[in-house]
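One structure is given here, and the rest of the page talks about it.
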């Protein structure tokens, strides 16, 4: 396997690969073929992604360096930190330039995002009234003095204004929290003339304009100056495992611990005085390992995900009406539909209503005896939770596996767990350190003196909101070969250390690695025997070195491998003597590519798996994940056809390479294919009878 390459050169650092993915998001904001408002919203997605990068990946890297240093060992990761900082600064410069260009483009479309210095006399009066009516009650200045503990006070990822209260030669500093969770961030101002589009102002700039209203009468001052800042904390936390504490109590304790976790990033307005920057760095305990970035006046660009369109309709994406699956319109209820034929739904092209309605029907159907479901991330006002509670009230035996360790959703899941328990639902939690990431439910129904089971195996969460934004598969089946094994998965969840076997499911950490190695080795054996071979993977992240090494071996044996990786990819494609037979692309478009699909040629009879698991060590070895083999040939063909559309994308596909160049796949003289729109048309044609 190309001995001339060192072990390190075989893998791209996953953190740099992740930043390269976020650069692809920035490319979407720069793409003039995208509608203007959607480009502004991509700036928000880029910013939200970067926040999470620092909370999780950067923080994890920093933690590993500090641990190794405390043990007296050196860690080459400090060099990686420098590369990360350089890459982020470069992307931030591109971001700022792009943002300014988009502001000009919006102005040409009569949409004006203005600041406090651009207000007319009428707007000034209107804003003062707005501040008094809607904002004043949410603003409480915090004076920074020797006793102020900023690390315990500042909220993670909230933006703040740091205010200089200047009186002669004396300066007092105060902090104002931007109330991002209490009020709209984009305030539409009254227009100056009837024909002019309404201007928009950010809440930050309203506070800047109203500083005098906040401090007057409480302080004597000659001047007030405001500078923005933001801090990002380490999102990891440790479970303190006292035997007498319940997991819910431990998670609640750990969430409080996260609130005072170490800062890892400090962003500040670039014209902030040096004395103030130094004071904030000292108060926050910012070290040489943390990221310190001088930026613009605004730091919570993640709010731009909800940037309002006050312009013409063509400035946003043309909506794609959700498709109803043809089979659900042919039967009186969902159970008859699924019993007749396996159903495959592909969101957000298909409506999520089918799953919601099936669980709703199960909640009151007299024939339904029991429901088992696992939840990882559910919507804020989850209809699924409501159906589960109704089922319990209707006397069904209901079991819900709640993943309390779902990062950033822990608090919501604690709330749901309490509410479900109060409703009489049996609630089960995963063992600490073994997250349940599978997307399953199982409905047991009595039909003609027999128990018939209906299962859902999916790639995405039971979440009405993300089902409109993420591409994900849901398999609904009454095939006993699958439902019996899903039943075993739920038994395994309740007893994770008991041995259990599977034939049609891959279940992490039980058998996934072993089965994946076997399937790759089978393709290697085919190639070595002169039999047609091939592997196609669509996943979010590919960073597990064991699996990557196996793919390198397969490539060297002549197996043709195609990779569609949305995010991190540590594998290096097209390396001489190592991965010449591996092609890797990534697609970033209006929907987030989230579905995981594994395809193995299998002597010409393709094995197609839909999975909840990425090819990361944590997903293969340390989480409960489920991949299901599609047994229905019609559904297999559908998934294979959809993958072909994606691998033939000539609009949104980028090459993945060792240079992290994000070069677009050249169209050449091929026809124009934007795969996400082509997939919609493909599925619409399949479901056409139900649309008439």
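Residue numbers (the numbering used here): 313 to 1004.
Just so it is clear, CB atoms sit at the ideal spot from N, CA and C, and this is done for glycine as well.
Kindly list the residues whose CB is nearer than 8 Å to the CB of residue i, restricted to its own chain and excluding five residues on each side of it in sequence; keep chain order.
i: residue 330; result: 365, 369, 879, 880
i: residue 583; result: 539
i: residue 442; result: 499, 518
i: residue 973; result: 967
i: residue 510; result: 500, 501, 502, 503, 622
i: residue 624; result: 421
From the DSSP output, in three-state form, read off residue i for me.
i: residue 640; result: helix
i: residue 495; result: coil
i: residue 356; result: helix
i: residue 858; result: helix
i: residue 664; result: coil
i: residue 274; result: Outside the shown range of the chain, which is 313 to 1004, sits residue 274, and nothing can be said about it.
i: residue 826; result: helix
i: residue 527; result: helix
i: residue 537; result: strand
i: residue 383; result: coil
i: residue 849; result: strand
i: residue 606; result: strand
i: residue 424; result: coil
i: residue 388; result: coil
i: residue 986; result: coil
i: residue 669; result: helix
i: residue 688; result: coil
i: residue 680; result: strand
i: residue 324; result: coil
i: residue 545; result: strand
i: residue 474; result: strand
i: residue 443; result: helix
i: residue 971; result: coil
Using a Cβ-Cβ cutoff of less than 7 Å, which residues in the same chain neighbour residue i once the five nearest sequence positions on both sides are dropped?
i: residue 984; result: 962, 963
i: residue 408; result: 608
i: residue 848; result: 874, 911, 955
i: residue 893; result: 867, 870, 871, 872, 873
i: residue 256; result: Any question about residue 256 goes unanswered here, given that the chain covers just 313 to 1004.
Leaving aside the five residues before and after residue i along the sequence, list all residues of the same chain whose C-beta is less than 6 Å from its C-beta, in chain order.
i: residue 907; result: 771, 783, 784, 785
i: residue 988; result: 901, 903
i: residue 905; result: 783, 878, 899
i: residue 649; result: 639, 640, 643
i: residue 418; result: none
i: residue 704; result: 710, 735, 736, 737
i: residue 342; result: 410
i: residue 846; result: 872, 913
i: residue 855; result: 326, 880, 882, 928
For residue i, count neighbouring Cβ atoms within 10 angstroms of its own Cβ and tell me buried if that reaches 16, exposed if not.
i: residue 626; result: exposed
i: residue 913; result: buried
i: residue 597; result: exposed
i: residue 505; result: exposed
i: residue 921; result: buried
i: residue 666; result: buried
i: residue 842; result: exposed
i: residue 447; result: buried
i: residue 780; result: exposed
i: residue 434; result: exposed
i: residue 889; result: exposed
i: residue 678; result: exposed
i: residue 315; result: Any reading at residue 315 needs caution, since the residue's pLDDT is 41, under 50, leaving its predicted position unreliable; the model's value is listed next. Label assigned to residue 315: exposed.
i: residue 516; result: buried
i: residue 384; result: exposed
Quick one: is residue i near chain D, going by C-beta distance under 8 Å?
i: residue 401; result: Chain labels in this structure do not include chain D; a single protein chain is all it has.
Within 8 Å, do at least three Cβ pairs link the segment 464-481 to the segment 523-532? yes
In chain order, what are the residue ranges of uninterrupted beta strand (DSSP E) at least 3 long that sit wholly in the segment 691-748? 709-714, 738-741
Can we say the segment 783-803 touches the segment 646-657, given the rule of at least three CB pairs closer than 8 Å? yes
Is the number of C-beta pairs between the segment 933-941 and the segment 859-866 that are closer than 8 Å three or more? no
Length-filtered (4 minimum) alpha helix (DSSP H) runs lying within the segment 864-949: 929-933
Whole beta strand (DSSP E) elements within the segment 749-826, 3-residue minimum: 752-759, 762-770, 782-789, 817-820
Does the segment 743-750 come within contact of the segment 759-768, defined as at least 3 CB pairs closer than 8 Å? As far as the Cβ criterion goes, the segment 743-750 does not touch the segment 759-768, which means the pair count is below three.
Does the segment 747-765 come close enough to the segment 826-833 to have 3 or more Cβ pairs within less than 8 Å? Taking 8 Å as the limit for Cβ pairs, the verdict is that the segment 826-833 does not touch the segment 747-765.
Pairing CB atoms from the segment 852-859 with CB atoms from the segment 917-934, are three or more of them under 8 Å? With the cut-off at 8 Å, the segment 852-859 and the segment 917-934 touch.
Sufficient close CB pairs (3 or more, under 8 Å) joining the segment 488-502 to the segment 396-410: No, because fewer than three Cβ pairs between the segment 488-502 and the segment 396-410 fall closer than 8 Å, the two stretches do not touch.
Would the segment 696-703 count as touching the segment 662-677 if we require 3 or more Cβ pairs under 8 Å? Contact between the segment 696-703 and the segment 662-677 is present: 3 or more CB-CB pairs across the two stretches fall below 8 Å.
Whole beta strand (DSSP E) runs in the segment 571-601 with 3 or more residues, listed along the chain? 575-581
Can we say the segment 791-798 touches the segment 807-826, given the rule of at least three CB pairs closer than 8 Å? yes
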